[in-house]
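J.:
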Amino acid sequence: MEPTTKEIIIEQVIDALGSQALDTVSPSNTLPSRAPKDSNSLSPNDDDFLPHCITQQPIPKPLRRPGAPHSIMVGLNKECPRWAPGSTIKWVAWTQGFKTPSDASYAAEHLHLACQKWNELDVGVTFEWVKETKDATFALCHGGDSGGGTLASAFFPNANDLNMMLVYNPVFSMPKWKANLWKVFTHELGHVLGLRHEFALDVNPESGKVFEAVKAVQLGPRNEKSVMTYSRTPPEIQTSDVESTRAFYALREDAEGKPPLVGLTEVQDYEPM
33 MEPTTKEIII
43 EQVIDALGSQ
53 ALDTVSPSNT
63 LPSRAPKDSN
73 SLSPNDDDFL
83 PHCITQQPIP
93 KPLRRPGAPH
103 SIMVGLNKEC
113 PRWAPGSTIK
123 WVAWTQGFKT
133 PSDASYAAEH
143 LHLACQKWNE
153 LDVGVTFEWV
163 KETKDATFAL
173 CHGGDSGGGT
183 LASAFFPNAN
193 DLNMMLVYNP
203 VFSMPKWKAN
213 LWKVFTHELG
223 HVLGLRHEFA
233 LDVNPESGKV
243 FEAVKAVQLG
253 PRNEKSVMTY
263 SRTPPEIQTS
273 DVESTRAFYA
283 LREDAEGKPP
293 LVGLTEVQDY
303 EPM
């Protein structure tokens, strides 16, 4: 039997870095109530920082090897991707690449909290932490430096055997954002669910082009406070986010078996691997 893409990725990581590269951390339900006291006092002013999100993901430096692809393109040009309604999206947290084991544990705990938040909202799919990479749809791992403006990045629903959610160095140097990392992850999990940025259809007044080159379609009302927008304050899931996501995952085939549409764009269901 031919190995799956996931098995190939796991084997390549082990060959390049050793089996310890797949060491995982278990999240807990206990989160620190405030940022650590030893946070970098010379870091950018939290209140002036405006994060941004990327949809072209570099493979983290700790996982690179000669000849391996360094980026993955994602998009929604011809479909509205989502997970098959009722799916469970399983995730694992890798320790490789984080500066300290405590950073890895901290990130895992905050992602766990963000997953719990989305699960409580009952939008149509759920998230579940697992111990082994072979059982996961995606891995949380360290992405190194992001150039300063990106705290984390994720992916849209797809047919890949294994995806990555990356968390970057800047979030660990800014106390407010570190303390609210779980809220940053609620934004990234929005992408995992298939949600685009709130401003994806907006036109940049300087260039005259839409802000995001990959086409998007709108489902539900606009909300400038959406969890899927950028702000100088940590994102919050809004009622409109919940209602629109539920509506998205409630769409079903018609009587002839044709896939549902958002506008004129077909919805494509993916089964998590």
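If you count the sequence shown from 1, position 262 lands on 294 in the numbering used here, and the numbers rise without skipping.
From the three backbone atoms N, C-alpha and C, an ideal C-beta is built for every residue, glycine too.
(1) Excluding five sequence neighbours on each side, which residues of the same chain lie with their C-beta closer than 8 Å to the C-beta of Ala282?
(2) Kindly indicate which three-state DSSP category Ala191 falls into: helix, strand or coil?
(3) Among the candidates Pro304, Lys166, Phe159, Leu153, whose CA atom is the shortest distance from the CA of Glu275?
(4) Look at His219 and Phe188 and say whether their C-beta atoms are less than 8 Å apart.
(5) For Glu275, name the three-state secondary structure that DSSP assigns.
(6) Buried or exposed: where does Met33 fall if 16 or more other Cβ atoms within 10 Å of its Cβ makes it buried?
(7) How big is the Cα-Cα spacing for Asp177 and Thr271?
(8) Taking all protein chains shown into account, do 16 or more other C-beta atoms lie within 10 angstroms of the C-beta of Arg284, making it buried, or fewer, making it exposed?
(9) With DSSP collapsed to three states, give me the class of Pro202.
(10) By the 10 Å Cβ neighbour count, where 16 or more other Cβ atoms means buried, how is Ser172 classified, buried or exposed?
(11) Would Phe217 and His142 qualify as a contact pair, given that the criterion is a beta-carbon distance under 8 Å?
(12) As a quick exercise: from Ile121, Ala146, Val199, Lys166, pick the residue whose alpha carbon is nearest that of Lys38.
(13) Kindly list the residues whose CB is nearer than 8 Å to the CB of Asn151, restricted to its own chain and excluding five residues on each side of it in sequence; keep chain order.
(14) Straight-line CA distance for Lys210 to Lys290?
(15) Since I believe Met206 is in contact with Phe170 (beta carbons under 8 Å), could you give me their beta-carbon distance rounded to a whole number of angstroms?
(16) Taking just the CA atoms, how far does Glu288 sit from Thr277?
T.: The relevant details are as follows:
(1) Pro117, Gly156
(2) coil
(3) When each option's Cα is compared against that of Glu275, the closest is Leu153.
(4) no
(5) helix
(6) exposed
(7) 33 Å
(8) With fewer than 16 Cβ atoms within 10 Å of its Cβ, Arg284 is classed as exposed.
(9) Helix, per DSSP.
(10) This sequence places Leu at residue 172; Ser is not what is there. Label assigned to Leu172: buried.
(11) yes
(12) The option with the nearest alpha carbon to Lys38 is Lys166.
(13) Thr158, Phe159
(14) 45 Å
(15) Not really, about 25 Å apart at Cβ, beyond 8 Å.
(16) 24 Å
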